[in-house]
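Presented below is the structure to which this report refers.
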Amino acid sequence: MDIEIKRAGLCDKDFVLYANKEIDRVSYIEKSTLKDNVCEDVLQGDRGICLIAKCKGIYAGMILFSKVYWADRGLGIYVSQVFVEKEFRRNNVFKRLLAKAQEFYPNMKFVTFLVSKKNLTMLKCAQKMGCEDEDMVCFAKNFE
2 MDIEIKRAGL CDKDFVLYAN KEIDRVSYIE KSTLKDNVCE DVLQGDRGIC LIAKCKGIYA
62 GMILFSKVYW ADRGLGIYVS QVFVEKEFRR NNVFKRLLAK AQEFYPNMKF VTFLVSKKNL
122 TMLKCAQKMG CEDEDMVCFA KNFE
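When the sequence shown is numbered by my numbering, its final residue is 145 and no position is left out of the sequence of numbers.
Here is the structure:
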């Protein structure tokens, strides 16, 4: 399958937000603020990098990532979001997106991502890829 992967731009905003909504839906996340800062932080800024995959001009998937540092592992890639349209799954779109992400940070030692226990599709994908379950609890608190 011929897949083109490129860095997302403003013209891809609608797809990125659509993918975010789909991820939130399957993860049972009720509130996301990506729509409020996607342009400034990602599509025009460098706080995160978003790549999109297209097949014959049709959106196939996206990945949103940034650098992370873990004391016990060193520098890595944190995948904040990954989405692949159903009709493109099982075509290695996620693996291709992840490989392209590694090109942005070639000296990283690992990749990590948080997955909702309710997002069964991503849990199966992570297991299939041989990812380790770190058995951690994630807490988040907004600075206000």
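The beta carbon of each residue, even a glycine, is placed where N, CA and C say it ideally should be. Since we're looking at a predicted model, the values are computed, not measured.
- Per DSSP, F111 lies in no alpha helix (DSSP H); the unbroken beta strand (DSSP E) holding it starts and ends at F111 to F114.
- Here G75 is exposed, its C-beta having fewer than 16 other C-beta atoms within 10 Å.
- With contact defined as three or more Cβ pairs closer than 8 Å, the region 6–24 and the region 57–70 are in contact.
- Q103 carries a helical assignment under DSSP once its states are collapsed to helix, strand and coil.
- Burial check for I24: the Cβ neighbour count within 10 Å reaches 16 or more, so the residue is buried.
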